[in-house]
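Quick notes on the structure that follows.
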Amino acid sequence: MYRKLLWCLLLTAAAACSKDDAPAKPEEPGGDGNTVKTGVYRVVNLAADTTATSGGNAVSLYYSLEENKVIPESQRQTGNWDIVFYGIYNSSVYPNNGAALGSPGYGGPGRAVISVVVNRKFDAQYYDTLQYKPLQLPIDRNLFATAFESVKTVEEDKFPFITRDIGLDHFQSGFDGWGHYDFYGLLFPGDPKKSHVVYTMPRVMVIKTHKGHYAKLMMENIYKDNPANPTRDNKPGFITFRYAIQMDGSKNLDIQ
Amino acid sequence: MQLYLRQFAAALFILAFAACTKTETIDPAPEAQNRIITYSIVNVQGDPISGAVNDRDSSITIYIPFYRQLVVLEPEITVPEGATVTPVSGTLIEDLLDVFRNGRDIKYTVTAKDGSKRTYTLRIVVQQPDLVLDELSTATDIAEFTIDTRLAYDAIHIKLTGSGFMEENELMKMVLVDETGRELSPIGLSTTNVGNIHLIIGSITKFTDPQEPVLQELKTGLYKIKVYSYGKNATTKFPVKINKL
């Protein structure tokens, strides 16, 4: 008798207690996941702002390294892009960082950061490390390949990540950059076609993308068709750069 | 043994009753399956901005603080299992300044598993200090500006003090409003005092060819000055006189 009652009670108790509502699963936010594979990518003659001059800011160009494509400026406060080519001649490379006041991604969710790898011993092959300017032009193209390949990992302790831009080298600032801006044409005295010209240097930028992947990037040119020794006659606003991205989450940048 | 069982049964009785008192209550009416459960803005640093979903009037209200300087919103929307929402979660609301200045109907339609539909309207509320413009003229003393287009170069600079300006010029706009209430093309804002929230300087310049739109539209006359600052706008009470030679 008691045993039956017990069973009865047990069942009721069990039934009574199993009425939990399973919460609905939240939907995944939209977004296309056309991400690239780990590898080296080269972007040639990317038309940033073909009306660019040295006189004013160019139209900003937002770029997703993870998807290897241009993102419209209207999405600057989203996580859809990693770097932006900003300012005069599109020469300032900002990471997408929403916490950096005054940067293009300010206010948005961006978490990307950037650094520039500088090796003075290597620099000495093409660069006056006291005057901060190239020794001769054009700079040997082989140095660009060497510099790019020699960055094999992320060295945050030596080249700390920042949230502001990497731009023109020691131009109106004390910062190392990716290119030399010969404002007065000092490298070619007497040649009026040689003032206000930007020369890329074999410097590598390391970027942590918004989604947390590491990439290395080197500017090759801002002039159309990648001229080795550009002049004022070359058309600015056409960016050529190469980058390597590691999609496995590691800091291994020894990517072929 | 018998006694032990009896005590155990008694204990179970109490437990069962305690457990059952909860199930005695009448189930609430099942919640509609064509609802929006949550709506939040996720393209920000830190915690998302949660919207208030109101099922009574089918509205969603989001409060946007001005200091985040947002010009695009990325909503994340959750709906009951099996239901769909259009536009889908993650669809960007772009050009927010245009939403503030010209208005835009933003609606979300949820379709439940059973096909029933419900449409929510989005309300965007900007939390921002008041925009106050100091007057350049008084009722009797009208400030005057003159631009001579016969010269190769000439310019007028309208310096407005006040409060509630944004640090970023691109979040602001200055326009002249003629006597019929028509707004001319925007006036270029000086970049030399960026970050000053108590002063903006608008410049109309005769230099380029073709002339900038505002100069083409401009005729000698009285104009009020209207300033858009993120989600707010304000117009001077008294006009200024602009002479175009």
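Those protein sequences? They're chains W and L, same order as listed. For the record, in the first sequence the residue sitting at position 231 is 231 according to the numbering used here, with numbers rising by one throughout. In short: position in the second sequence from 1, add 256, done, that's the numbering used here. From the three backbone atoms N, C-alpha and C, an ideal C-beta is built for every residue, glycine too.
Using a 10 angstroms sphere on the CB of Ile282(L), the tally of other CB atoms stays under 16, which defines it as exposed. Scanning the stretch 367-412 of chain L from its first residue to its last, the whole beta strand (DSSP E) runs of 3-plus residues come out as 373-383 and 400-403. DSSP places Glu149(W) in the uninterrupted alpha helix (DSSP H) bounded by Arg141 to Ser150. Identification of chain L residues near Ser74(W) by a Cβ-Cβ cut-off of 9 Å yields Val327, Val328, Leu348, Glu350 and Asp351, ordered along the chain.
When CB distances to chain L are screened at a threshold of 7 Å, the residues of the stretch 90-114 of chain W falling below it are Gly98, Ala99, Tyr106, Gly107, Gly108 and Pro109, in chain order.
Within the model, the alpha-carbon separation for Leu407(L) versus Pro466(L) is close to 14 Å. Counting C-beta atoms within 10 angstroms of its own C-beta, Asp123(W) has 16 or more neighbours from the protein chains shown and is therefore classed as buried. Contact check for Tyr63(W) and Trp81(W): beta-carbon distance about 6 Å, within the 8 Å limit, so the pair qualifies. The C-beta of Thr240(W) comes no closer than 8 Å to any C-beta of chain L. At the C-beta level, Phe238(W) and Tyr223(W) come within 8 Å of one another. Of all residues in the stretch 294-312 of chain L, only Thr294, Val298, Asn299, Val300 and Gln301 come within less than 8 Å of chain W when Cβ atoms are compared, listed by chain position. About 6 Å separates the beta carbons of Asn299(L) and Gln77(W), which is inside the 8 Å limit, making them a contact pair. Contact annotation, Tyr243(W) with Ala215(W): C-beta distance approximately 5 Å; criterion of less than 8 Å satisfied. Neighbours of Arg324(L) in chain W, taken as residues whose beta carbon is under 8 Å from its own, are Gly107 in chain order. Per DSSP, the continuous alpha helix (DSSP H) segment holding Phe356(L) begins and ends at Leu352 to Asn358. Burial check for Phe144(W): the Cβ neighbour count within 10 Å reaches 16 or more, so the residue is buried. Nearest CB-CB separation between Gln172(W) and chain L: not below the 8 Å threshold.
Under the three-pair Cβ rule at 8 Å, the stretch 359-375 of chain L does not count as touching the stretch 407-420 of chain L. The continuous beta strand (DSSP E) containing Leu455(L) extends over residues Leu455 to Lys462. Chain L places a beta carbon closer than 8 Å to that of Gln77(W), counting this residue as a contact.
A direct Cα-Cα distance of roughly 7 Å separates Thr129(W) from Arg120(W).
A contact is defined here as three or more CB-CB pairs under 8 Å, and the stretch 411-430 of chain L meets this definition with respect to the stretch 316-325 of chain L. Counting only the Cα atoms, Ser315(L) lies some 9 Å from Tyr364(L). In the structure shown, Phe241(W) adopts extended strand secondary structure according to DSSP, grouped into three states. At the C-beta level, Pro331(L) and Arg291(L) stay beyond 8 Å of one another. Under DSSP, Val43(W) shares a beta bridge with Phe241(W). When the five nearest sequence neighbours on each side are left out, the beta carbons in the same chain lying within less than 6 Å of the beta carbon of Pro138(W) are those of Ala228 and Asn229, in order along the chain. Inclusion of Arg360(L) and Thr317(L) in the CB contact set at 8 Å is not warranted, their separation being larger than that value. Leaving aside the five residues that flank Leu392(L) on each side, the residues in its chain whose CB is nearer than 8 Å to its CB run, in chain order, Ala399, Ile414, Leu416, Ile481, Thr492, Phe494 and Val496. Beta-bridge annotation (DSSP): Asn290(L) is not paired with any residue. Segment contact: the stretch 87-99 of chain W against the stretch 156-167 of chain W, three or more CB-CB distances shorter than 8 Å; contact assigned. The shortest CA-to-CA distance from Val206(W) to any of Asn142(W), Asn221(W) and Val118(W) is the one to Val118(W). Taking C-beta separations shorter than 6 Å and ignoring five residues to either side along the sequence, the partners of Tyr319(L) in its chain run Val381 and Gln383, following chain order. Exclusion of the five residues before and after Gly451(L) leaves Glu423 as the residues of its chain whose Cβ lies within less than 6 Å of its Cβ.
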